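Chains as they are written, first to last, in the UniProt record's numbering: chain Y, 1 to 242; chain D, 1 to 242. Using N, Cα and C, we set each Cβ at its ideal position, and we do this for glycine too. Keep in mind it's a predicted model, so treat the numbers as computed, not measured. Here is the structure we will look at.
Laid out in C-alpha cells, this is it:
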C-alpha cells in the first residue's frame, strides 16, 4: 500500500476523530484519501467508484434503519422518507454537520457544491462498508443522524404534505400547477389500494401512487414525483443560467 | 411462528429446491410465504415491505458483483449496466428462469405481470438477506445470473448504443425524437469529463451525462434517461388502454 504524505495522513486522522468515524484499527488510509479526493485533482484515484458502491450501501442502511424503527409505517411512507434521506440535499447537510468539506481535495479553481459533499460522504460510507462487508459500522455511524433527519422530515408540514410541496416547487419554476388524474380501481378483489393516482406536469407523468382514499393516492403520487421533478427543475435552472 | 398449511409448505419446499435458493437450514417459511404473496390476497402479510428492503439489497449486490468483475469499467458504464440489471424487465426475466410465477399467490382474478414477478423476486432476496444480514447467500444465488445478463447487455448492440435504444423507444410511442443538448466544459482543470450532455423529450429533461467526447457524453445521457422514460411511456400506454 502506498503511503500518504504525512500532512494528508494527519489531516485524515483529525477528521476520523472529529466525525467519530468507526473505522477498523487497521484503517485503509489510502482508500479513505481516495473517498475524499475529487476527480479534478486525480483522474484515476478519486471517489467515483467508491461513491457508486456507497450510494447502494447507504440506501440499504437507510431502508433497514427505517423498517426497524417504524415497523407500522406504510411502504409508501417509508419509501418517501427514504428518498429524502438519501437525496443529495440531505446528504450534503449531513456532510456539513460532519465537517467533511475542509478535508475534501478538489482542484484549486473548483467550487465545492452540495453534490460533491454528498458524493464524498457516500464514498466514505463505502470505505466503512468494505472494512467488514457488513452494514454494522455504517449504521453505528449514521443511524442517530438518519433518525433525527427522519423526525425532521415527518414534522415538516411542507414535506408531510407532498401535494403542497410539489405545488410550491412547480410554482417556483413556472406558472403552471401539477395535475392529478385519479381513478377508482374495482378490478382486484380485496385490494385495499382502491384509488390509483398519477401526477402530471408539462405533459409528462412524474409519479404515481395508490391508496385507500383519493387523497392518500394523490399524496403518494406527489411524494413519488417530488424528488425527480425537483432534480429536473433544478438542473434546468442551472443549465439556463450558464 | 405460525405454521403454514401443509400444501403451501410443500409447494415452497419444491420451489426452494427448483430455484436452488440457498436458504439456511432453519428456513423461515412464513417469511418466504410472505415474499410470494401479493397484497390482493392478504392486505397485511404480503411482499411489499420485503420488496422495499430487497430492492436495496439487490442494488448493492449488483454493484458489488459488477465492480469486482469489471474493475476497469468506468463508473458510467457500470451504472448503466446496473440500471438494466435491476430493472423490472430484467428481474421479471430472471424470475421466469427461476420458475417463480407458479408459486406466487395472487387473487384469482388478477393477471400477474412482469412488475409482480420482479417485486416478488426482490422480496425473496430480502428473505435471504435477513437470514444472515450479509450479502453472501444473495450473491451465491444470483452472481452467475447477473454476470450472464451483464454479458448479454454488453453484447446487445441496441443496449450498448443507448442513443439508438432511446430513439426506438420514443418512436414506438410518438413521432418525435429525443433531442440532445451538449456543451463543452472548460471550467475545471484536468477534468477528463470534457463534454456534458442532457437529453430532452416532450420539453422535459430525462437524463444527463458526461464524457471525454461529445458522443460518449450523449450515450451517457441516453443511458441515464432510458429506464425512466421507458417506465413512464409504458405507464402511459397501460393507463390510456384501460
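Minimum C-alpha distance to residue 35(Y) - residue among 116(Y), 63(Y), 64(Y), 60(Y): If you compare the alpha carbons of 116(Y), 63(Y), 64(Y), 60(Y) with that of residue 35(Y), the shortest gap goes to 116(Y).
Beta-carbon proximity list for residue 64(Y), same chain, < 8 Å, skipping 5 on both sides: Within the same chain, residue 64(Y) has close Cβ partners 135, 139.
C-alpha distance - residue 83(Y) paired with residue 167(D), whole-angstrom precision: So the alpha carbons of these two residues sit roughly 30 Å apart.
Three-pair Cβ contact test at 8 Å for the stretch 76-94 of chain D versus the stretch 149-158 of chain D: Short answer: they touch.
8 Å Cβ cutoff met for residue 99(Y) and residue 18(Y): Result yes, Cβ atoms of residue 99(Y) and residue 18(Y) sit closer than 8 Å.
Status (buried if at least 16 other CB within 10 Å, exposed otherwise) for residue 245(Y): Within the shown structure, residues of chain Y are numbered from 1 to 242, placing residue 245(Y) beyond reach of any answer.
Three-state secondary structure assigned by DSSP to residue 196(D): When secondary structure is reduced to three states using DSSP, residue 196(D) falls in the strand class.
As assigned by DSSP and simplified to three states, the class of residue 187(Y): With a pLDDT of 45 at residue 187(Y), under the threshold of 50, the modelled position of this residue cannot be trusted; read the value that follows with caution. Coil.
8 Å Cβ shell around residue 9(D) - same chain, five flanking residues per side excluded: Residues 3, 29 of the same chain have their beta carbon placed closer than 8 Å to that of residue 9(D), with the five preceding and five following residues left out of the count.
Where residue 208(Y) falls, given that 16 or more other Cβ within 10 Å makes a residue buried: Residue burial annotation: residue 208(Y) is buried, with at least 16 other C-beta atoms found within 10 angstroms of its C-beta.
Cβ of residue 118(D) within 8 Å of any chain Y Cβ: So, not an interface residue.
Cutoff 8 Å: residue 122(Y) Cβ touching any chain D Cβ: Residue 122(Y) does not count as touching chain D.
CA-to-CA distance, residue 91(Y) to residue 187(D), given in whole angstroms: Caution is warranted here: a pLDDT of 45 is assigned to residue 187(D), below 50, making its placement in the model unreliable, and the coordinate value is therefore given only provisionally. Rounded to whole angstroms, residue 187(D) to residue 91(Y) spans 25 Å at the Cα level.
Rounded straight-line distance, which links the Cα of residue 67(Y) to that of residue 78(Y): The alpha-carbon of residue 78(Y) is positioned some 8 Å away from that of residue 67(Y).
Start and end residues, alpha helix (DSSP H) containing residue 136(Y): Going by DSSP, residue 136(Y) is part of the alpha helix (DSSP H) stretching over 136-155.
Residue-level contact to chain D via CB, residue 190(Y), 8 Å cutoff: Low per-residue confidence applies at residue 190(Y): pLDDT is 47, beneath 50, and the placement is therefore not dependable, though the value from the model is reported in the following sentence. Chain D, which has a Cβ nearer than 8 Å to the Cβ of residue 190(Y), makes this yes.
Touch test, the stretch 215-228 of chain D against the stretch 211-222 of chain Y, Cβ-Cβ under 8 Å, three pairs minimum: The stretch 215-228 of chain D and the stretch 211-222 of chain Y do not touch, with fewer than 3 CB-CB distances between them shorter than 8 Å.
According to DSSP, residues forming a beta bridge with residue 209(D): Note: residue 209(D) sits in a beta bridge opposite 197(D).
Alpha-carbon spacing of residue 53(D) relative to residue 110(Y), whole angstroms: Using only the alpha carbons, I get a separation of about 38 Å.
Residue 132(D) versus 13(D), 104(D), 229(D), 24(D), residue with shortest Cα-Cα distance: The shortest C-alpha separation from residue 132(D) is found at 24(D).
Proximity test, Cβ basis, 8 Å: residue 205(Y) and chain D: So yes, residue 205(Y) belongs to the interface.
Nearest-angstrom Cα separation, counted from residue 211(Y) out to residue 46(D): Distance from the CA atom of residue 46(D) to the CA atom of residue 211(Y), rounded to whole angstroms, is 16 Å.
Neighbour list for residue 216(Y) in chain D, Cβ cutoff strictly below 8 Å: The contacting residues do not exist; residue 216(Y) stays about 14 Å from chain D at best.
For residue 49(Y), the three-state DSSP class (helix, strand or coil): Secondary structure at residue 49(Y): helix, using DSSP grouped into helix, strand and coil.
Interface partners of residue 79(D) on chain Y, CB under 7 Å: Correct list: 52.
Supposed contact pair residue 127(Y) and residue 31(Y) - C-beta distance, whole angstroms, cut 8 Å: At roughly 5 Å, the Cβ-Cβ gap stays under 8 Å, so residue 31(Y) and residue 127(Y) are in contact.
Residue 163(Y) - containing alpha helix (DSSP H), residue span: Residue range 162-173 is occupied by the alpha helix (DSSP H) that includes residue 163(Y).
Chain-order list of residues whose beta-carbon lies under 7 Å from that of residue 33(D) (same chain, five-residue window excluded): Excluding sequence neighbours, residue 33(D) sits near 4, 8, 12.
With 16 other Cβ atoms within 10 Å as the buried cut-off, status of residue 43(D): Burial call: exposed.
Counted within 10 angstroms of its Cβ, other Cβ atoms place residue 49(Y) as buried (16 or more) or exposed: Around the C-beta of residue 49(Y), 16 or more other C-beta atoms lie within 10 Å, and the residue is accordingly described as buried.
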